[in-house]
Amino acid sequence: MSQLLLTTKLKKLPDAPGVYLFFNIEKELIYVGKATSLRSRVRSYFNSHHPLAPSSGRRGNTRPIEQMMHEVVDIKWEVTDSALEAIILEGKYIKEKQPKYNVDWRDDKSWNYLVITKDKFPKVLVVRQHELDGRPLPPPPTSPSGRERDATNDGERLPRFARNDKVGHSHPTLALPSGRGGENVFGPYPGLNTAATLKILRNLFLYSTCSPGQTRPCFYRQIGLCLGVCDGGITPAEYRLKVINPLKLFLSGKKKSLLRSLNTKMIQASRVENFEEAGRLRNQIKALGRIQDIALLNKSFTIDPTGQSGEMRIEGYDISNLGATGKVGSMVVFKGGVPFKSDYRKFNIKTVVGQSDVDCLKEVLTRRLKHSEWPMPTVFLIDGGVPQVGAVKSVLNNLKIDIPVVGIAKGARRKRNDLVVAGTNVKIQDMTVPKWAQKNLEVLIKVRDEAHRFAIKFQREKRKL
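Right, here's the structure in full:
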């Protein structure tokens, strides 16, 4: 391919998540990678490591990349709906095609796999390459010839996957340290942010981490993120049907088939007036259509969740009440320092008896975090001091979410703006959270005041009803 055609392709790259593929002169796939922005990621290679670049930029630690880029004569890509799906698709290509540079550069410790066990209630585990019985996965069979499928809107084609080797197929020869055999293995996923991935998958599919036969419901059961493995609320057969089978479809890259299946089940549930199940399926379909995976954007991507790239999202919360009655909560959103009113939310407090802003905040944050289809913020901003910030942080800790929490306390005379920051190692724009909050105090006060205004407005609207 001529440099002119390659330059033309670079101009067509979309600003969207997906996977990109590099080919050599023999039309062999030599590297596959994932990106949150295909345009930014792929162009970054050609900015300094390719003959098309204005300067070679040859330096010590870039030599392996330079070597690869001097072989690249063609690029193709496939757009995905989310970063999570880009991770899954990248793993599928690596497993099927074993591109030269993906294999040569791999660090076995960084190649993670997702495993679904054969337990009565199957578990979802992260397993490293060397833990798969101490040896690498067997090589995939040779792909049969077949018609290629569309990759981009401008007619690019991608290689077809082998029809007889589905991603996630069972490897009966592999066993985990526990001795169980025959697990479903999905991957590999280079540089996988395992904690963030498992959190998103749990919110999407409600898979369980608890043990059956407990005397009381687990924490996730109480907040609606467990279907009842712990307390007998679901049978093994139902669990496989509702949780494991849909999860396998998703990890196999069959999101469209999954959505069709869920939609059919939702209609069937409605027809027999099982409205609770129909509602659950409706919410799952919505969440799958709007996967928000900012937590996945770690070092393996070019954009991170710490506000160093793109617009920061700040969510502000406040509680309003009339004594022990009429309790409501507000959630406001600022993006790029300005209100983003389409994402504002109101909450009627349902579970708190008496007057307790702390308990009300816990309820509001717990309910908010059930919505995996809502984008996660860079910062949670609370109208309150140490008790309120501590309450929010406890909810986040229980869900293993590490997002900074900042409170603004008004002081005894309600004329101060004292910052309260929950302990965290997360940095924002290369600053500690206290330093960042102090520098951006003016914006944070605006968020606090807007959350207060929105809560008061909602409370007054309720009184008029």
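1 is the number of the first residue of the sequence shown in UniProt numbering; add one for each residue after it.
Note that CB positions come from ideal geometry on N, CA and C, so glycine has one too.
{"query": "Reference glutamate 78; option with closest CA among Ile88, Glu273, Leu441", "result": "Ile88"}
{"query": "Whole-angstrom distance between leucine 288 and leucine 201, CA atom to CA atom", "result": "10 Å"}
{"query": "Test item: CB-CB of valine 352 and cysteine 360 under 7 Å", "result": "yes"}
{"query": "Inter-residue spacing [alpha-carbon to alpha-carbon] between glycine 18 and leucine 322", "result": "50 Å"}
{"query": "Own chain, CB closer than 7 Å to alanine 391, minus 5 neighbours either side, in chain order", "result": "Val358, Leu361, Lys362"}
{"query": "Beta-carbon proximity check, methionine 68 vs tyrosine 101, cutoff 7 Å", "result": "yes"}
{"query": "Those residues which DSSP pairs with methionine 331 across a bridge", "result": "Tyr317, Arg345"}
{"query": "Proline 14, buried or exposed, once every other Cβ within 10 Å from all chains shown has been counted against 16", "result": "exposed"}
{"query": "Simplified DSSP assignment, three categories, for glutamate 273", "result": "coil"}
{"query": "Beta-carbon proximity of glutamine 459 to valine 328, cut-off 7 Å", "result": "yes"}
{"query": "Cα-Cα separation, proline 51 to serine 44", "result": "Unreliable placement is indicated for proline 51, whose pLDDT of 49 sits below 50; no coordinate value is reported for it."}
{"query": "Cα-Cα separation between threonine 117 and leucine 369, rounded to whole angstroms", "result": "27 Å"}
{"query": "Three CB pairs or more closer than 8 Å across the segment 332 to 347 and the segment 267 to 279", "result": "no"}
{"query": "Rounded Cβ spacing between tyrosine 317 and alanine 451 (contact assumed at less than 8 Å)", "result": "6 Å"}
{"query": "Contacts around leucine 5, its chain only, beta-carbon distance under 6 Å, and the 5 residues preceding and following it disregarded", "result": "none"}
{"query": "Validate contact between the segment 254 to 271 and the segment 421 to 434 using beta carbons, cut 8 Å, 3 pairs", "result": "no"}
{"query": "Rounded straight-line distance, which links the Cα of aspartate 343 to that of alanine 16", "result": "22 Å"}
{"query": "Unbroken beta strand (DSSP E) run spanning phenylalanine 458, endpoints", "result": "No beta strand (DSSP E) contains phenylalanine 458, which is instead part of the alpha helix (DSSP H) from 441 to 464."}
{"query": "For lysine 123 and proline 236, believed in contact at Cβ under 8 Å, the rounded distance", "result": "Not a contact, Cβ separation roughly 13 Å."}
{"query": "Cβ neighbour criterion (16 or more within 10 Å) applied to proline 305", "result": "Below a pLDDT of 50, predicted positions are generally treated as unreliable, and proline 305, at 33, falls in that range; the measurement from the model is reported next regardless. Result: buried."}
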